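**Student:** Handing you a structure now.
There are 2 protein chains.
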Amino acid sequence: MLLGQSILGSKRGAKSGATFSAVNPATGKQIDPAFHSASEQDVQTAAQLAEEAFAIYGKLPGKEKGAFLRHIAKGLEGIADQLVERANLETGLPTKRLQGEVARTANQLRLFAEVVEEGSWAMARIDPAEPNRAPLPRADIRSMLRPLGPVVVFGASNFPLAFSVAGGDTASALAAGNPVIVKAHPAHPGTSELVGQIIQQSVRDCGLPPGVFALLFDSGTQIGGALVQHPFVKAVGFTGSLAGGKALMQLAASRPDPIPCYAEMSSTNPLFVLPEALRMRGPQIATGLFGSFTLGSGQFCTKPGLVFLPQNEHADGLVEEVKKNVAAAPEFLMLTGGIRSHYESTAAERQKRDNLELLAKSSRTNTDESFQVASMLLQATGNELLQDSELAREMFGPSTLVVRYSDRKQLLEIARSLEGHLTATLQGTEADIAEYADLIAILERKVGRLIVNGYPTGVEVCHAMVHGGPFPATSDGRSTSVGSQAIYRFTRPVCYQDFPQAALPEELQNENPLHIWRMVNGQLTREALAQ
Amino acid sequence: MLLGQSILGSKRGAKSGATFSAVNPATGKQIDPAFHSASEQDVQTAAQLAEEAFAIYGKLPGKEKGAFLRHIAKGLEGIADQLVERANLETGLPTKRLQGEVARTANQLRLFAEVVEEGSWAMARIDPAEPNRAPLPRADIRSMLRPLGPVVVFGASNFPLAFSVAGGDTASALAAGNPVIVKAHPAHPGTSELVGQIIQQSVRDCGLPPGVFALLFDSGTQIGGALVQHPFVKAVGFTGSLAGGKALMQLAASRPDPIPCYAEMSSTNPLFVLPEALRMRGPQIATGLFGSFTLGSGQFCTKPGLVFLPQNEHADGLVEEVKKNVAAAPEFLMLTGGIRSHYESTAAERQKRDNLELLAKSSRTNTDESFQVASMLLQATGNELLQDSELAREMFGPSTLVVRYSDRKQLLEIARSLEGHLTATLQGTEADIAEYADLIAILERKVGRLIVNGYPTGVEVCHAMVHGGPFPATSDGRSTSVGSQAIYRFTRPVCYQDFPQAALPEELQNENPLHIWRMVNGQLTREALAQ
């Protein structure tokens with residue numbers, strides 16, 4: 104049952120705050136119940152509880168954190184139908200996609216459970232004492248990763264489950280030992296509350312301090328801002344717009360004690376169709392490309408929004424195929440009225456420029472309350488893009504921009520001019536890939552993930568995944584928000600010099616009771632330390 | 104031979120810039136030759152060369168980078184006498200200390216050489232394709248750490264070798280594959296030029312692109328600021344004052360594309376003498392403490408500047424011992440006139456407050472041109488410190504502040520109120536350490552390194568060292584500037600999806616040609632990948 108109140112540890116927030124409601128994208132109508140915005144006092148309570156919880160939760164053994172994460176995963180699967188139904192109402196995303204997202208969210212939690220149960224993630228390092236070293240003896244030096252403290256996570260509009268209340272940032276922060284305070288995305292508060300209740304119950308069932316988790320509602324930016332500035336908060340995770348992310352980066356950097364802010368913000372995900380592949384399978388690429396840039400109504404941060412093609416007949420053929428697909432496309436439902444307006448105003452603004460051609464647009468019968476938009480295929484020349492880098496900026500929705508470059512030299516020049524993106528994709532034969540090694544070398548500096556002969560949408564949750572990239576794709580290109588490496592974002596190394604065994608964390612004790620991989624004198628080993 | 108000109112790849116900077124000279128701390132007199140400040144054009148040249156060099160150097164095999172680092176180390180050892188002589192003139196640091204610093208600087212370079220020759224540092228991860236997975240096949244996902252691009256390193260005044268031109272940041276940045284542009288510290292330009300010449304020669308001898316290294320002189324802040332803001336620069340390493348570090352953090356964060364800035368700034372390194380140890384070996388601790396806070400004239404970032412003692416007779420006895428040591432101490436030579444003035448004005452300012460007692464001060468016969476100061480022992484109560492956190496701020500020089508706390512409750516309250524520091528030290532028996540687990544738990548969140556029964560000065564260069572800590576000790580508590588883990592600060596992960604073998608970096612190829620440790624499907628292994 105939805106109460107419309109924030110979750111503060113084992114309690115609920117007051118019913119006093121201004122209210123807001125979710126809106127059904129298919130009808131434009133409000134959905135019950137009303138949600139109460141949190142107060143500054145709620146922020147203080149959540150932060151205080153998180154700070155208190157950290158003393159215990161930050162040192163919880165990996166097996167117990169793993170059990171907690173698995174408990175949440177099981178809880179979510181237990182209410183999967185209810186979650187999918189509510190999320191569908193609030194986001195308009197198809198049922199099948201949402202079922203997949205529940206599964207992915209649970210699997211993410213289990214992946215991090217595996218990582219902390221196994222334990223080697225903590226990067227334990229031991230350099231034993233050398234009492235007889237000359238001219239000076241060496242002390243016993245040991246270090247490992249420790250959690251940072253309370254982490255604030257902002258739910259994302261476009262992944263109501265996998266990047267929201269129990270999403271990737273929450274899972275990685277909890278896995279590393281950090282209490283989490285989630286600021287729910289106001290577009291799907293009901294889904295958020297359902298998930299929050301599962302986590303709250305899991306905290307209780309696992310006997311953890313209540314402040315390990317909190318969930319705050321707010322339709323505006325005030326509560327989020329207050330959270331990022333709270334002295335007890337030690338890091339921020341955000342997935343959203345460039346403007347929102349930059350505002351949070353600024354808040355985090357201007358605190359009396361600046362804290363890390365991981366914001367995933369804006370990416371156009373350039374896709375390059377190389378010559379031989381273009382000749383051999385242009386129409387096939389056209390189909391794949393159309394599927395990728397319209398998937399989820401183009402509301403993926405990995406949507407390919409820039410497609411580079413030469414000026415030849417094979418490229419003309421590919422473009423024709425995409426045009427046909429766009430023209431025949433159904434309407435696309437957007438997540439919120441705000442996203443719909445932004446998509447349409449950006450499209451209108453770009454079309455006013457004389458450097459952009461609208462090649463195709465799908466029809467739209469329904470122009471009333473529902474949040475529907477048309478798919479668009481736009482085109483510019485390489486010169487036009489070089490002269491107006493604004494064209495390369497993200498346009499969130501079911502559109503893409505084809506850029507027709509004049510020659511290879513121009514292609515490399517454009518690649519060098521690109522800002523940071525999450526991904527870059529190459530469609531190419533092995534010969535193409537070898538031939539365009541210089542292009543790939545440029546792109547390696549621009550993105551977090553390079554894809555050959557696939558499409559950027561669809562981010563595998565695994566150990567080797569990197570979902571990140573240089574600014575403005577993210578605030579911090581040294582990190583990933585997807586995959587098990589994300590556990591590192593909410594940690595810092597702590598070093599223990601000449602500590603007695605009993606005062607050391609288990610990870611660093613001589614006998615290696617957790618049987619984890621450690622670096623001893625520079626060598627990886629799972630052996631106990633020779634006495 | 105010293106030319107007094109910046110080093111720009113294989114060339115030298117113009118002789119047109121305003122000149123400045125080093126000053127001998129023992130005499131206050133200028134030392135030849137004059138050094139020419141770099142120009143904005145020199146900044147542009149250095150950045151352009153570094154950017155060009157990165158395309159090659161960023162992909163250089165570990166063995167070649169290792170050879171380069173070893174070549175520099177050998178070169179420095181080859182001119183050790185000359186380096187020590189010049190550094191002694193410019194810094195007043197004793198010959199023996201400087202000989203040790205040459206050795207340490209060479210050893211740091213060799214430690215990073217080992218790390219990159221071995222190769223496992225790159226954290227290669229492979230999740231092989233699962234073409235038959237349902238409902239969707241899994242792509243082949245591989246990732247590893249890559250260098251960021253040109254890095255700017257600021258030389259530190261207090262380590263003319265180990266934290267300057269070929270110091271820790273330079274070594275770790277070069278090891279990871281980043282070209283380095285050093286802004287020399289104006290207090291030891293001659294030492295800087297000698298070291299810069301060795302690196303320049305090593306670049307040449309190893310056949311590397313000239314832009315791998317540059318060294319720029321400037322007596323002010325203009326050139327440093329221009330470097331941090333240059334679009335080609337991708338990260339910053341700095342060791343120095345809080346004001347200087349905060350200014351660079353601000354510059355790095357306010358770029359159109361914010362970049363990581365690792366500034367090590369300010370730390371008072373609290374030291375706690377626990378009850379049993381105090382009873383058993385107070386006088387011994389007094390001697391060790393005095394040695395530590397006056398080492399290098401108290402100009403170490405790890406100087407213990409806050410000493411916590413209870414209000415009992417054992418503590419009185421320890422304080423008496425320190426007083427005797429201070430009163431009998433010789434004069435202390437400071438690195439620069441600016442540091443001397445700052446030490447003296449800070450001491451005068453603090454003594455004006457009525458919450459600080461001067462317990463002892465060493466005599467100073469020489470009050471003329473040399474940069475000498477007196478050692479000082481100050482005291483305050485726990486209450487006074489709680490009411491005036493300014494007292495806990497770093498005072499760079501041969502002084503320390505004894506804080507007499509009223510009881511254990513107050514001690515914990517003070518510990519909770521501390522800002523971030525590089526280190527915290529506990530003098531205690533095993534029983535003390537067990538008894539004060541709550542204090543240690545608080546300190547773990549405040550510092551990068553915890554020391555039992557040692558002193559914080561003396562930072563071992565090894566694999567497990569952490570020389571870092573929460574703000575304001577550093578700008579980024581997730582990192583260390585000493586030890587082999589420092590290689591991670593100038594890297595980011597890059598992911599390769601479905602790449603043909605030939606297009607993959609060697610680290611990620613199936614056969615594991617470098618025989619490095621990799622994570623395959625979440626398990627560490629050095630085996631080749633089963634085909």
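Listed in order, the protein sequences are those of chains A and B. For the first sequence, the residue numbers in this note's numbering are 104 to 634. For the second sequence, the residue numbers in this note's numbering are 104 to 634. Here a beta-carbon is modelled for each residue, glycine too, at the ideal position from N, C-alpha and C. No experiment lies behind these values; they were computed from the predicted model shown.
According to the Cβ coordinates, are residue 205(B) and residue 187(B) closer than 8 Å?
**Tutor:** Yes, these two residues count as a Cβ contact at 8 Å.
**Student:** Kindly give me the distance between the Cβ atoms of residue 463(A) and residue 430(A), rounded to whole angstroms, as I take these residues to be in contact under 8 Å.
**Tutor:** Right, the Cβ-Cβ distance comes to about 5 Å (below 8 Å), so this counts as a contact.
**Student:** Any chance you could list the alpha helix (DSSP H) runs of at least 4 consecutive residues sitting entirely within the segment 484–549 of chain B, in chain order?
**Tutor:** Segments of the alpha helix (DSSP H) lying fully in the segment 484–549 of chain B: 485–490, 511–520, 533–538, 540–547.
**Student:** If I measure Cβ to Cβ from residue 273(B) and keep anything under 6 Å in the same chain, skipping five residues before and after, which residues do I get?
**Tutor:** Here the set comprises 256, 283.
**Student:** Which value, in whole angstroms, describes the spacing of the CA atoms of residue 122(B) and residue 544(A)?
**Tutor:** Whole-angstrom Cα-Cα distance: 41 Å.
**Student:** Counting only Cβ pairs nearer than 8 Å, list the residues of chain B close to residue 372(A).
**Tutor:** Going along chain B, no residue has its Cβ under 8 Å from residue 372(A), so there is no contact; the nearest lies around 13 Å.
**Student:** Quick one: Cα of residue 479(B) to Cα of residue 156(A), how far?
**Tutor:** Cα to Cα, residue 479(B) sits roughly 42 Å from residue 156(A).
**Student:** Could you check if residue 266(B) belongs to the surroundings of the ligand MG, using beta carbon to heavy atom distance under 7 Å?
**Tutor:** What this structure holds is no ligand at all, so the ligand MG is not there to describe.
**Student:** With residue 578(B) and residue 366(B) assumed to form a contact (beta carbons below 8 Å), what rounded beta-carbon distance in angstroms separates them?
**Tutor:** Indeed they touch by this definition, with Cβ atoms about 4 Å apart.
**Student:** Does the count of Cβ pairs from the segment 229–248 of chain A and the segment 173–192 of chain A closer than 8 Å reach three?
**Tutor:** Contact fails: fewer than three Cβ-Cβ distances are below 8 Å.
**Student:** In terms of residue numbering, what span does the beta strand (DSSP E) encompassing residue 247(A) cover?
**Tutor:** Residues 244–250.
**Student:** Measuring CA to CA, which of 263(B), 586(B), 329(B), 148(B) is closest to residue 198(B)?
**Tutor:** Taking only the C-alpha atoms, the option nearest residue 198(B) is 263(B).
**Student:** In the segment 322–402 of chain A, which residue ranges form an unbroken beta strand (DSSP E) of at least 3 residues, counting only runs that do not cross its ends?
**Tutor:** Segments of the beta strand (DSSP E) lying fully in the segment 322–402 of chain A: 338–342, 364–367, 373–376.
**Student:** Run down chain A in chain order and give the residues with a C-beta less than 9 Å from the C-beta of residue 578(B).
**Tutor:** The answer, in chain order, is 361.
**Student:** Helix, strand or coil for residue 139(B)? Go by DSSP, reduced to three states.
**Tutor:** Here residue 139(B) sits in strand by DSSP.
**Student:** What distance in whole Å lies between the Cβ atoms of residue 373(A) and residue 524(A), which are believed to be in contact at a cut-off of 8 Å?
**Tutor:** Sure, about 6 Å apart at Cβ, within 8 Å.
**Student:** Go through its chain and collect everything with a Cβ distance to residue 550(B)'s Cβ below 6 Å, but skip five positions before and after it.
**Tutor:** Answer for residue 550(B): 524, 526, 527, 572, listed in chain order.
**Student:** Taking residue 558(B) as part of the alpha helix (DSSP H), name the residues at either end of that continuous run.
**Tutor:** Residue 558(B) -> no alpha helix (DSSP H), and no H or E assigned at all.
**Student:** According to the Cβ coordinates, are residue 422(B) and residue 412(B) closer than 8 Å?
**Tutor:** Result yes, Cβ atoms of residue 422(B) and residue 412(B) sit closer than 8 Å.
**Student:** Could you give the distance in angstroms between the alpha-carbon of residue 138(B) and the alpha-carbon of residue 252(B)?
**Tutor:** The straight-line gap from Cα to Cα measures roughly 28 Å.
**Student:** Can you give the Cα-Cα distance for residue 285(B) and residue 392(A), rounded to whole angstroms?
**Tutor:** Answer to the nearest angstrom: the Cα atoms are 46 Å apart.
**Student:** Using only the alpha-carbon positions, how far apart do residue 320(B) and residue 120(A) sit?
**Tutor:** Straight-line Cα distance between these residues: approximately 58 Å.
**Student:** Cβ closer than 7 Å: which chain A residues qualify as neighbours of residue 620(B)?
**Tutor:** Those are 627, listed as they occur along chain A.
**Student:** Please list the residues of the segment 235–248 of chain B that have a C-beta atom closer than 7 Å to any C-beta atom in chain A, keeping them in chain order.
**Tutor:** Here the close residues are 241, 242, 244, 245, 246.
**Student:** Would you be able to state if there are at least three C-beta pairs under 8 Å between the segment 138–152 of chain B and the segment 319–339 of chain B?
**Tutor:** Touching, per the Cβ criterion.
**Student:** Please compile the residues from chain A whose C-beta is within a distance smaller than 7 Å of the C-beta of residue 496(B).
**Tutor:** Under the 7 Å cutoff, chain A gives no residues; its nearest Cβ is about 13 Å from residue 496(B).
**Student:** Rounding to the nearest angstrom, what Cα-Cα distance links residue 127(B) and residue 548(A) in this structure?
**Tutor:** Straight-line Cα distance between these residues: approximately 45 Å.
**Student:** Less than 8 Å between C-beta atoms, sequence neighbours within five positions excluded: which residues of the same chain meet that for residue 131(B)?
**Tutor:** Only 440, 471, 472, 473, 474 meet the Cβ criterion.
**Student:** Between residue 546(A) and residue 515(A), which are expected to be in contact by the criterion C-beta below 8 Å, what is the C-beta distance as a whole number of angstroms?
**Tutor:** Wrong, their Cβ atoms sit about 10 Å apart, outside the cutoff.
**Student:** Taking residue 432(A) and residue 484(A) to be in contact with their CB atoms under 8 Å, please state how far apart those CB atoms are, rounded to whole angstroms.
**Tutor:** Not quite, the Cβ-Cβ distance comes to about 25 Å (not below 8 Å), so this is no contact.
**Student:** Give me the chain B residues within the contact set of residue 489(A), using Cβ-Cβ distance strictly less than 8 Å, ordered along the chain.
**Tutor:** Simply none; closest approach about 16 Å.
**Student:** Could you tell me the alpha carbon to alpha carbon distance between residue 395(B) and residue 558(B), rounded to whole angstroms?
**Tutor:** The straight-line gap from Cα to Cα measures roughly 6 Å.
**Student:** Verify the CB distance criterion: does residue 368(B) have a CB-CB separation below 8 Å to chain A?
**Tutor:** Residue 368(B) does not count as touching chain A.
**Student:** Where does residue 587(B) fall in DSSP's three states?
**Tutor:** Helix, per DSSP.
**Student:** Just curious, the alpha helix (DSSP H) that residue 186(B) is in, first and last residue?
**Tutor:** Looking at the DSSP string, the run of the alpha helix (DSSP H) that includes residue 186(B) is 183–194.
**Student:** Which class does residue 266(B) belong to by DSSP, given the choice of helix, strand or coil?
**Tutor:** Coil, per DSSP.
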